[in-house]
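Residue numbering for the sequence shown follows this note's numbering, beginning at 3 and increasing consecutively.
Here's the structure, in structure tokens; my notes come after.
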Amino acid sequence: MWSKNQRITIIFITCIIALILSAASKSAAKVEELEARLLEEAALAAVEEQFPGRTPEESAEIWAWAHQLVEEWYERYKVIKAEKEADDKAIASYKYIKKEQSEYSRIIYSSTHKQYTKIGDPSKAKPTRTLSMLTGWAESNWSKFTYEEDEWGGFKIASMKQKATGYFYVKKINGRWWYIDPLGYPYFCMGTTAMGYAYGNLNQEKAALNRYGTLAERAIAAVREYKDELGFNSTTIWSEGHSHLRDVYDTVTYSASLRIVSTYESKLGAKDPTPSGSCLVLYGMHVFDPDFPAHCDSRVKADCYPNRLADPYFMGFYLDNEIPTNEDMLDEFLTLDIKELKINYYSYAAAWTFLAHETGKPNPTLEDAKNYELRDLFRGFVYDRLYAAAVPAIRKYAPSALVMGNRALSTQRNSEWMTRMVGYHSDVISHNWYHQVTPLAEQLNQMSLWCDKPMMVTEWFVSSDENEGNFQNGTTNIVPIVQTQVDRGAQYQNYTLRMLECQNMVGWHWYRYIDRNDITEDGKQSNQGIYSSNHNLYEEFAEYVAEINRNAYALALYFDQR
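This is the structure:
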């Protein structure tokens, strides 16, 4: 590789050649094009520097790799940018839903069902919509509509049957996105994260044994109630350690988290990656490392068991869970520690090369990054690189598996370029959708304009102060806290009715099958599950859950034809 000085010399010589060519009466258009390219190369070279502990040649290789990544990304970006320009015209003419009482939403609020963002504070109450309050539903034929479900829980209706492939895929039918199950029937995914008998403490295993006798008997009873009584049809398996669950939950569809980013960061020395696969406490996201694609390949290969790939109930892979999506990601990459942490070289070089490319400045500064559009575009660059490295491995080892996104936290849904780039590579976009009592119709519609791909909520929940307690260790800022399990059920309906209204939404997973077994500061156990830590069903809550789940297909068609 050329050193920085050699490259500047070459640029200088090339400029002289360009002038000679110009003097030789080459076309003005070609000269302008050449000069523009040379200025761009000079601007990129100006931000390059020698990394501590690396020779000029080694540093030049790092910068050259960063140039290559920016160029690869830019080719994809140009295609999506053209789509964005067309979308912007549609968005400019689109009349967003400003009133919750609009003809589209017809949301009727109850004065009795109210949820609280702070326990015991009526001033924080929010209105809640339930199925019984949905205008026109009870009088419609859809409320009396009966239908069969196939063994996967698919909508067994001949008029909507699609090609049967033996595995899941996604398709838009009459304006609405659906999963299509192995038999070719439309499928709406409803479930919980992780159907395990214990979460957080061995006492839960003892409780399961006390109630059911054996874990095998517990599994049989759990599946029967989960599907037949509650109307669920899906769950999530977190890692290879849970593959044995397929032996007992063999009639529940599932998706699996690959934990691609979090396992790579662990190799690099990330601090305290959580057991669930969330990797919020990291040195960074080192997706620009040359070794990252090889890690993706090995990680996917390790999770593609023969019995998993042959399992017709397996839907697909999430790349990870709750990896960083913060708005100031560009600033963090530009200020990475490269003196002490050599693992940051490639991330640092990619960020500065991106900034120079987008600003066209020979010497961009941190001040040049103080721009929301530029920051958002960088988030798209980061996620494009993640997916460009990981998705080929999934297509290679599991060609029939769906790529189901990365279970992003709330900030991703505000990012246009992250949404566009994830949608470019994925079959489904997934969100752990917290921080909102009711998802905004405005936001859901805008996301569908940014990217016409199906979406799924992979985590959300509501806690009650009646039976157990609030979220782990008293943290209440991301979920509503209600007073009773009845109110909790009302909020389940409130949230899912909004999901069913959105034609891009193909499913949801409630955060927990069973409560955590930890204790809050006020001495109560946290309450996220369908079941308590003692494996007792929250029956009042479950009635509301079953009512929506059992009517999900009819409700989707009701909203579409209303």
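No residue lacks a Cβ here, since even glycine has one placed at the ideal position from N, Cα and C.
Predicted model, so just to flag it, every value in this text is computed and none were measured.
Residue i - partner residues in DSSP beta bridges
i, result
"residue 542", "Answer is none; residue 542 lacks a bridge partner."
"residue 191", "509"
"residue 182", "171, 188"
"residue 158", "150"
"residue 551", "Answer by DSSP bridge pairing: none, since residue 551 is not bridged."
"residue 404", "318"
"residue 237", "194, 256"
"residue 459", "433, 510"
"residue 79", "Answer is none; residue 79 lacks a bridge partner."
Segment limits, beta strand (DSSP E) that includes residue i
i, result
"residue 437", "Where residue 437 is concerned, there is no enclosing beta strand (DSSP E), given that its DSSP letter is neither H nor E."
"residue 514", "514-516"
"residue 302", "First-last for residue 302: 294-305, but that is the alpha helix (DSSP H), not the beta strand (DSSP E)."
"residue 258", "255-259"
"residue 531", "531-533"
Contact under 8 Å by Cβ, residue i with residue j
i, j, result
"residue 456", "residue 430", "yes"
"residue 406", "residue 236", "no"
"residue 166", "residue 185", "yes"
"residue 130", "residue 553", "no"
"residue 317", "residue 404", "yes"
"residue 533", "residue 157", "no"
"residue 558", "residue 502", "yes"
"residue 458", "residue 432", "yes"
"residue 380", "residue 331", "yes"
"residue 201", "residue 518", "yes"
"residue 49", "residue 365", "yes"
"residue 210", "residue 217", "yes"
"residue 422", "residue 86", "yes"
"residue 189", "residue 179", "no"
"residue 549", "residue 133", "yes"
"residue 234", "residue 192", "yes"
"residue 78", "residue 426", "yes"
"residue 268", "residue 320", "no"
"residue 183", "residue 230", "no"
"residue 206", "residue 428", "no"
"residue 560", "residue 492", "no"
"residue 336", "residue 353", "yes"
"residue 306", "residue 400", "yes"
"residue 562", "residue 177", "yes"
Residue i - containing alpha helix (DSSP H), residue span
i, result
"residue 2", "Any question about residue 2 goes unanswered here, given that the chain covers just 3 to 564."
"residue 222", "217-226"
"residue 501", "487-503"
"residue 265", "262-270"
"residue 389", "374-399"
"residue 413", "Taken as a continuous stretch (DSSP letters only), residue 413 belongs to no alpha helix (DSSP H), as it is neither H nor E."
"residue 349", "347-361"
"residue 425", "418-427"
"residue 2", "Nothing can be reported for residue 2, as the shown portion of the chain is limited to 3 through 564."
"residue 444", "443-452"
"residue 311", "308-311"
Contact belief for residue i with residue j at Cβ below 8 Å, rounded distance in angstroms
i, j, result
"residue 510", "residue 315", "Wrong, their Cβ atoms sit about 18 Å apart, outside the cutoff."
"residue 287", "residue 384", "6 Å"
"residue 500", "residue 440", "6 Å"
"residue 436", "residue 412", "6 Å"
"residue 370", "residue 357", "6 Å"
"residue 351", "residue 64", "5 Å"
"residue 506", "residue 450", "4 Å"
"residue 515", "residue 194", "4 Å"
"residue 220", "residue 214", "4 Å"
Interface flag, residue i vs chain D, CB-CB below 8 Å
i, result
"residue 87", "Absence of chain D from the displayed structure is noted, only one protein chain being present."
beta-carbon residue i near the ligand COA non-hydrogen atom, thresh 7 Å
i, result
"residue 66", "This structure lacks the ligand COA, and indeed carries no ligand of any kind."
Check: Quick check: the stretch 258-272 against the stretch 317-328, are there 3 or more CB pairs under 8 Å?
Finding: A contact is defined here as three or more CB-CB pairs under 8 Å, and the stretch 258-272 meets this definition with respect to the stretch 317-328.
Checklist line | Segment contact flag, the stretch 376-395 with the stretch 298-313, C-beta cutoff 8 Å, min 3 pairs | finding: With the cut-off at 8 Å, the stretch 376-395 and the stretch 298-313 touch.
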